[in-house]
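Numbering (UniProt numbering), first residue to last: 1 to 438.
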């Protein structure tokens, strides 16, 4: 076998916004597997459309600057700027560590990287309901525009865990999930790969949500398959013990994210929030197979896993898919023992038939759920090829064995294939439905 392309070990921040990722055309990860949170509002929050009007009004007040020799107009401009910034200062109390929103936002506007403590403070304010929609929007847009670092993402996730509903699942567990945002409207490959991996004997704790902009998120499809989503943390753990697979409904385990719903909805663009779901599984699995549609963010997410000390494979298809693709090669960031190594995965070298994007196209939740059932019943074709490849990767990262990526993938694909062909994966889904029903 030809040697896979390998990058140098990068224990710190392998995913800084640099030239290697610039040419890939980053896409907003808003395809439904992120953490939109509940759409609840508070009485002191603006109605729909108000945030946009506030921002526009603020922008108007910032126009017409005075020249340095026009003292009168200069004073009027300072007053206008004071009014424009009042939305950012509303609700600022005396925060711990001396942090304030103007301090944090001015740093981002000047394109300065924040510390983990600063982003943890900002996210803590958001999740506590202490931040206004203007502050949340300003923070989300400025951070995304500057480009997130590993340390900044770590701070955000730390705050999320502090506000999350705790979940404990015994043993070495696995998550298989993608960020979404690839605009492919494909079938739910990671959901099927998770079921197949569980059928091969691995305990899977899948973290996901409903669709935000795609036709079917993981939660939508699982609900169509008969799996209850409104489970307590205790029940989620029980289902994992009984079925070997369970689902963490992000909206239920991260309820505090409802405080960001107004700002995110008003903005209507992908922000840092869209990348938090895959790295904020409340069960904190020891092994993670993560698809990321954004070429710049993939190594950043890998860096977060490296700091956490877990085993993870973060990947992106060179066709833009947030999965290991079968249409061309994929880039893989392999995380093990705190180190990140970049590899290339070529499906042709693994014996996987080359597919097309059209062969993976999905529709609504009902259609995608039917695809799941057909796959588990033994249907062959491009969907099966893609699912076996991704399930093979999930099994490989969970096994954490020595050897080349290609050898480990080939072994994982064989295990995944056996789980489907023996009926074990289909039986796993049936147990899952029964266990979730109570």
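Cβ atoms here follow ideal geometry from the backbone N, Cα and C, with glycine treated the same way. Predicted model only: the values in this text are computed from it and were never measured.
**Asked** If you draw a straight line from the alpha carbon of residue 396 to that of residue 364, how long is it in whole angstroms?
**Response** 31 Å
**residue 124 beta carbon less than 7 Å from that of residue 159** = yes
**Prompt:** Under a Cβ-count criterion, where at least 16 other Cβ atoms within 10 Å of its own Cβ denotes burial, should residue 118 be classed as buried or exposed?
**Reply:** buried
**Asked** Under 7 Å between the Cβ atoms of residue 360 and residue 386?
**Response** yes
**Asked** Can you tell me the Cα-Cα spacing of residue 269 and residue 422, whole angstroms?
**Response** 44 Å
**Asked** Among the residues of its own chain, which have a CB less than 6 Å from the CB of residue 225, if the five just before and after it don't count?
**Response** 369
**Request:** Using only alpha-carbon positions, find the residue among 185, 261, 334, 121 that is nearest to residue 320.
**Result:** 185
**Prompt:** By Cβ distance below 8 Å, which residues in the same chain neighbour residue 362 in space, the five residues on each side in sequence not counted?
**Reply:** 185, 186, 187, 188, 215, 216, 368, 371
**Message:** Between the alpha carbons of residue 267 and residue 427, how many angstroms are there, rounded?
**Reply:** 43 Å
**Request:** Run the CB neighbour count on residue 330, radius 10 Å, all protein chains shown included, and call it buried at 16 or more, exposed below.
**Result:** buried
**Asked** Is it buried or exposed for residue 175, if we count other Cβ within 10 angstroms and need 16 for buried?
**Response** buried
**Message:** Please report the distance separating the alpha-carbon of residue 407 from that of residue 190.
**Reply:** 21 Å
**Message:** So, under 8 Å CB-CB, residue 140 and residue 273 are touching, yes? Tell me the CB distance rounded to an integer number of Å.
**Reply:** 6 Å
**Message:** Which of the three DSSP states is assigned to residue 89 in this structure?
**Reply:** Below a pLDDT of 50, predicted positions are generally treated as unreliable, and residue 89, at 39, falls in that range; the measurement from the model is reported next regardless. Reduced to three states, the DSSP call for residue 89 is helix.
**Request:** Buried or exposed for residue 218, please, with buried defined as at least 16 other CB atoms from any protein chain shown within 10 angstroms of its CB.
**Result:** buried
**Message:** Check this for me: beta carbons of residue 442 and residue 178, under 7 Å apart or not?
**Reply:** A query on residue 442 cannot be resolved here, the shown segment of the chain reaching from 1 to 438 and no further.
**Request:** Keeping to the same chain, check which residues put their C-beta closer than 6 Å to that of residue 172; ignore five residues upstream and five downstream.
**Result:** 286
**Asked** Using the C-alpha atoms, what's the distance from residue 244 back to residue 292?
**Response** 25 Å
**Message:** To the nearest angstrom, how far is the alpha carbon of residue 101 from that of residue 261?
**Reply:** 19 Å
**Asked** For residue 288, which beta-bridge partners are listed by DSSP?
**Response** 175, 312
**Prompt:** CA-CA distance, residue 195 and residue 232?
**Reply:** 21 Å
**Item:** As assigned by DSSP and simplified to three states, the class of residue 110
**Value:** coil
**Message:** Give me, in chain order, the residues of the same chain whose beta-carbon lies closer than 8 Å to that of residue 229; leave out the 5 immediate sequence neighbours on both sides.
**Reply:** 219, 222, 223, 247, 249, 252
**Request:** Would you kindly check if the distance between the Cβ of residue 425 and the Cβ of residue 418 is under 7 Å?
**Result:** no
**Item:** Proximity of residue 240 and residue 136 at Cβ, strictly below 7 Å
**Value:** no
**Asked** So the alpha helix (DSSP H) residue 224 belongs to, where does it begin and stop?
**Response** 218 to 224
**Prompt:** CB-CB under 6 Å to residue 120, same chain, minus the five flanking residues each way: which ones, in chain order?
**Reply:** 155, 158, 159
**Item:** Under 7 Å between C-beta atoms of residue 169 and residue 98
**Value:** no
**Message:** Between residue 242 and residue 431, how many whole angstroms is the CB-CB distance? I'm expecting something under 8 Å.
**Reply:** 7 Å
**Message:** Checking 7 Å against the spacing of the C-beta atoms, do residue 295 and residue 314 come in under that value?
**Reply:** no
**Request:** Take residue 333 as the anchor and find which of 351, 290, 358, 112 has the nearest alpha-carbon.
**Result:** 290
**Message:** Considering Cα atoms alone, identify which of 400, 341, 152 is closest to residue 111.
**Reply:** 152
**Asked** Looking only at C-alpha atoms, which of 180, 374, 326, 400 sits nearest to residue 382?
**Response** 326
**Request:** Rounded to whole angstroms, what's the CA-CA distance from residue 384 to residue 109? Just pull it up for me.
**Result:** 46 Å
**Asked** Near residue 306, which residues of its chain fall below 7 Å by C-beta distance, leaving aside the five closest residues on each side in sequence?
**Response** 11, 335, 338, 339, 340
**Asked** Thinking just about the alpha-carbon of each residue, which of 279, 197, 434, 346 is nearest to the one in residue 376?
**Response** 197
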